[in-house]
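Note that the numbering used here has the sequence shown beginning at 2, numbered continuously upward. Read the structure below first, then the notes.
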Amino acid sequence: MSATSSIEWTDATWNPVRGCTKISPGCKHCYAEVFAERWRGIPGHAYEHGFDLRLVPEKIAAPFSWATSKLVFVNSMSDLFHDSVPEPYIGRVLDAMWLADWHVYQVLTKRAERLADLWPRLLGVRSPRPPKHIWLGVSVEDRKYGVPRIEHLRNTPAAVRFLSVEPLLEDIGVIDLRGIDWVIVGGESGPGARRMQTEWVRSIRDQCKDAGIPFFFKQWGGVRKNEHGRELDGRTHDDMPERSCAKYPGRAEARRRLGSRR
Ligand code: SF4
2 MSATSSIEWT DATWNPVRGC TKISPGCKHC YAEVFAERWR GIPGHAYEHG
52 FDLRLVPEKI AAPFSWATSK LVFVNSMSDL FHDSVPEPYI GRVLDAMWLA
102 DWHVYQVLTK RAERLADLWP RLLGVRSPRP PKHIWLGVSV EDRKYGVPRI
152 EHLRNTPAAV RFLSVEPLLE DIGVIDLRGI DWVIVGGESG PGARRMQTEW
202 VRSIRDQCKD AGIPFFFKQW GGVRKNEHGR ELDGRTHDDM PERSCAKYPG
252 RAEARRRLGS RR
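What follows is the structure, given as structure tokens:
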């Protein structure tokens with residue numbers, strides 16, 4: 002778990018899984034792969050196996066050690082719903098989120114079908130109601146692969162559903178925002194970044210405004226993203242859903258909960 006994050010829409014990252022495989026055009030310049038492969042073959046480094054997918058069970062307990070409430074991006078370096086992550090392991094990650102409920106978790110996936118298939122079953126053994134402190138999101142980079150994920154997300158029980166429209170690769174047109182609580186938009190950054198057009202972003206911003214949905218504009222991106230900033234039409238857009246989570250219960254109770262996991 003990293004206590005801070007440079008990602009604009011979160012406070013911290015937590016990676017109980019490391020590594021992934023590409024599934025759609027949005028993965029082409031995956032920042033996680035670039036970072037992980039840099040360390041391949043370095044003995045003892047967290048990414049000594051590069052971007053090969055690995056479960057990291059020793060990281061599951063990490064949220065219990067944080068006394069301060071955080072927005073936590075779950076698996077910034079992987080995809081929790083990757084086919085190679087066994088369902089019982091996803092259940093263990095959910096248990097940790099469930100019990101360390103003084104944080105708000107942002108679970109983002111491109112494997113929306115598997116999310117829709119597994120999540121109701123995993124939740125069902127714990128509570129009939131989705132917890133307020135676990136947000137579920139899907140990536141939406143284009144019409145062909147990204148937009149169909151929205152329907153799977155809509156069919157998945159969650160207190161907060163969000164779209165990460167990044168990297169936005171084309172005009173995705175009119176999207177059905179029913180049941181969606183938050184939209185993030187961003188352009189690709191780094192070497193070979195594909196350019197995002199202003200009109201594509203405005204279209205999504207305006208749709209969010211009409212639907213009364215918080216809109217967060219992360220960045221324009223580009224090969225040198227700092228040169229382009231994150232203003233759209235003269236201002237930043239940093240709207241987010243309201244956070245709802247429990248208070249930190251104290252160290253002794255946090256330890257007790259840690260020990261009570263299935
Ligand atoms: S799903 Fe995400 S983590 Fe996995 S390869 Fe694609 S961009 Fe990278």
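We put the CB at the ideal spot given by N, CA and C, even for glycine. From a predicted model like this one, the values you see are computed outputs, not experimental measurements.
Reduced DSSP category for L119 - H, G, I as helix; E, B as strand; rest coil:
helix
Using the rule of at least 16 other Cβ atoms within 10 Å of the residue's Cβ for burial, across every protein chain shown, is R196 buried or exposed?
exposed
Boundaries of the beta strand (DSSP E) in which W136 is found, first to last residue
I135 to S140
First and last residue of the uninterrupted beta strand (DSSP E) at G187:
W183 to G187
Residue list, Cβ distance to the ligand SF4 heavy atoms smaller than 5 Å:
C21, K23, C28, C31, A33, D80 and K111
Is it buried or exposed for V224, if we count other Cβ within 10 angstroms and need 16 for buried?
exposed
Can you give the beta carbon distance from S70 to W103, rounded, assuming they're within the 8 Å contact cut?
5 Å
Can you tell me whether DSSP reads A47 as helix, strand or coil?
coil
Using the rule of at least 16 other Cβ atoms within 10 Å of the residue's Cβ for burial, across every protein chain shown, is H46 buried or exposed?
exposed
Give the DSSP-derived three-state secondary structure of Q198 in the structure shown.
coil
Would you mind sorting S261 into buried or exposed? The rule is 16 or more other CB atoms within 10 Å of its CB.
exposed
So, with DSSP's three-state summary, where would you put S66?
helix
Grab the span of the beta strand (DSSP E) containing L72 for me, first residue to last.
L72 to V75
Contact between the segment 212 to 221 and the segment 185 to 194: three or more CB pairs below 8 Å?
yes
Look at the alpha carbon of K210 and the alpha carbon of Q198, and state the distance between them as a whole number of angstroms.
19 Å
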